[in-house]
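Take a look at the structure below.
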Amino acid sequence: MNCPKCKSADKIKKDILNGKQRYGCKSCGHHYTVMCKKTAKPDAMKQQILYLYLAGLGFRAIGRMLGVYPLQVIRSRVILRMSIAGYTCCQ
Ligand SMILES: [Zn+2]
Numbered sequence: 065m066n067c068p069k070c071k072s073a074d075k076i077k078k079d080i081l082n083g084k085q086r087y088g089c090k091s092c093g094h095h096y097t098v099m100c101k102k103t104a105k106p107d108a109m110k111q112q113i114l115y116l117y118l119a120g121l122g123f124r125a126i127g128r129m130l131g132v133y134p135l136q137v138i139r140s141r142v143i144l145r146m147s148i149a150g151y152t153c154c155q
């Protein structure tokens with residue numbers, strides 16, 4: 065996401081506030097938070113995806129069970145991996 069103030073794409077990661085990554089604009093110094101997409105899946109579904117993945121199910125099987133596309137399963141898995149490693153997403 066570009067800076068909402070000056071529309072510059074030049075940004076650096078700052079801190080995490082309320083579980084959301086904050087960025088700082090290199091051009092104007094404005095700090096901002098990236099908002100979630102409306103299509104973001106709830107945390108409960110992401111945890112369920114992780115549980116099913118750890119149980120040995122594949123992306124396509126999990127997608128069929130939960131009614132999501134396999135790509136969404138992969139994205140959720142990556143987000144969960146980041147949250148386990150200490151990074152937090154926009155949820
Ligand atoms: Zn800016």
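So the sequence shown is residues 65 to 155, counted in the working numbering.
The beta-carbon is built from N, C-alpha and C at its ideal position, and this holds for glycine as well.
Note that the coordinates shown come from a computational prediction; the quantities given were computed from them, not determined experimentally.
Reduced DSSP secondary structure (H/G/I, E/B, other) of residue i
i: Arg139; result: helix
heavy atom of ligand 1 below 8 Å from residue i C-beta
i: Lys69; result: yes
i: Ser72; result: yes
i: Ser140; result: no
Integer Cβ distance of residue i from residue j, believed to fall under 8 Å
i: Ile126; j: Leu118; result: Actually they do not touch by this definition, with Cβ atoms about 11 Å apart.
i: Ile113; j: Leu130; result: 7 Å
i: His95; j: Lys84; result: Not a contact, Cβ separation roughly 12 Å.
Worksheet item: At what residue ranges does the segment 69-139 contain a whole run of the beta strand (DSSP E), taking only runs of 3 or more?
Response: Counting whole runs of 3 or more residues, the segment 69-139 contains the beta strand (DSSP E) stretches 75-81, 84-89 and 95-97.
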